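Using mature numbering (1 follows the signal peptide of the UniProt record, and there is no 0), the letters of the sequence shown map in sequence onto residues -18 to -1, 1 to 110.
Read the structure below first, then the notes.
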Amino acid sequence: MKKYALVFMIFLFGCASSVDEPPYEINNKQFYDTLDEQGNKLFAYVVSVKAKSREQININKRLTRSDVQRFAEQEHFEESSVLKLQLEDQAVEFLNKELAQRNYCADKHEINEVLWRDLSVQLRGRCL
């Protein structure tokens, strides 16, 4: 019975100490502002993530089912609409903080355009 308790404790400790790596890491945030011909305030905000290397499979080594499953379940930013939407939501939060910190849009603002590149999202808008 003591052996089972010890094995169970080790299992719980192993599960509790595993740390999940974040799906992406933001490496750059940039704010740009300008005025249009009518004097309206315009802005663009770009948030970029670091490129992450893909895990390689060693074809010379015998693979277990869990190895193959782990490799198949890897989520890559460039291919994941879920991760891109998460970054877009996060970029909106960063933009709101940036506008408040700069006191750029006195009342309200709107985002007119969202542009995507491989590893970055750009939010374009104007003050109301």
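All C-beta atoms, glycine included, are put in the ideal place defined by N, C-alpha and C.
In this text, all values refer to a predicted model and were calculated from it rather than measured experimentally.
DSSP three-state assignment for residue i, whether helix, strand or coil
| i | result |
| --- | --- |
| M62 | It should be pointed out that residue 62 corresponds to Ser in this sequence rather than to Met. Correct three-state label for S62: coil. |
| V1 | Confidence is the limiting factor: at V1 the pLDDT is only 46, short of 50, which leaves the residue's position unreliable and the question unanswerable from this model. |
| N22 | coil |
| F(-8) | With a pLDDT of only 47 at F(-8), under 50, the local geometry of the prediction cannot be trusted, and no value is derived from it. |
| residue 133 | Here the chain comprises residues numbered -18 to 110, so residue 133 is not present and cannot be evaluated. |
| N85 | coil |
Whole-angstrom C-beta distance between residue j and residue i, which should lie under 8 Å
| i | j | result |
| --- | --- | --- |
| V28 | L69 | At roughly 11 Å, the Cβ-Cβ gap does not stay under 8 Å, so V28 and L69 are not in contact. |
| Y86 | D15 | 6 Å |
Residues sharing a beta bridge with residue i, DSSP
| i | result |
| --- | --- |
| S102 | S30 |
| E92 | R108 |
| L97 | Q104 |
Segment limits, beta strand (DSSP E) that includes residue i
| i | result |
| --- | --- |
| N9 | 8 to 17 |
Proximity test, Cβ basis, 8 Å: residue i and chain B
| i | result |
| --- | --- |
| D15 | Note that chain B does not occur in the displayed structure, where there is just one protein chain. |
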